[in-house]
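Following: one structure in structure tokens, then a few remarks.
Residue numbers (the UniProt record's numbering): 1 to 269.
Structure, rendered in structure tokens:
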């Protein structure tokens, strides 16, 4: 997730890296859902329960446990901030001291199950308030910084604006700003990734297409709720805590490799 600062009709980005020494703790599941293949871009039902860590179901989501964050962010990522509640998986941001940080939040990824080309469909409800920075994004499986595909980014001080973006290996940035009605409700975010196409849509409406310099390498998904930093700004006295980033369902349906439906691996057909 790159550092993005807005100027009038201009996007300025500053690259940030991840440390290879970042510690990943116990593996988590996103939700216990059916292993039946699900067609992308269709309505997805809410999961009913969470499978615990002793399940024989393959787990694909890793929780982060670290205070080393980027973009001048203020959070400490802790596994306890990632829970499964009635509406879906919830990443909770709280005003709580942890290490040298004054806020805690959550971040998960499926780094152990990268894919190359395919579709991602996620039904999510975003937090609001200055300092909130929820995101769903793809990054290279080889540990590099670029390319990066931001399926959804939002800053809480501008809750109606969704920013999908493609940060190319060459350093170029392609993005748009989409005005979202009722950001505090669930919306469906979709990315189609093909050898000659990247296509983003929200609730079935195509909002951005890229047809050049498409990435041709395995990538993996990350979901996180950052707090503060140069782009989203830091929380103010008016920012309410705790804040919740709710993921009702996510489907990763790769063209190469098994599908990931909720927490289960499904053979592609």
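By construction, the Cβ of each residue, glycine as well, lies at the ideal position given by its N, Cα and C atoms.
Predicted model, so just to flag it, every value in this text is computed and none were measured.
Legend entry - Extent of the continuous beta strand (DSSP E) to which residue 101 belongs: That residue, residue 101, is in no beta strand (DSSP E); it is neither H nor E in DSSP.
Inset, instruction - Give me the Cα-Cα distance between residue 112 and residue 236, rounded to the nearest whole angstrom. - result: Between residue 112 and residue 236, the C-alpha separation is close to 37 Å.
Legend entry - Straight-line gap, residue 243 to residue 222 (C-alpha atoms, nearest Å): 19 Å
Inset, instruction - Look up residue 206 in the DSSP assignment and give the residues it is bridged to. - result: 201.
Legend entry - Any non-hydrogen atom of the ligand FMN within 7 Å of residue 175 CB: Looking for the ligand FMN in the displayed structure turns up nothing, as the structure carries no ligands at all.
Legend entry - Cutoff 8 Å; reference residue 161; Cβ partners in own chain excluding five residues on either side: 154, 155, 177, 178, 179, 180
Inset, instruction - Leaving out five residues on either side along the sequence, give the residues of the same chain with a beta carbon under 7 Å from the beta carbon of residue 240. - result: 129
Legend entry - Through-space distance from residue 185 to residue 197, alpha-carbon basis: Their Cα atoms are separated by approximately 29 Å.
Inset, instruction - Using alpha carbons as the reference points, say which of 71, 72, 70, 62 lies closest to residue 81. - result: 62
Inset, instruction - Check whether the Cβ atoms of residue 105 and residue 122 sit closer than 8 Å, and answer yes or no. - result: no
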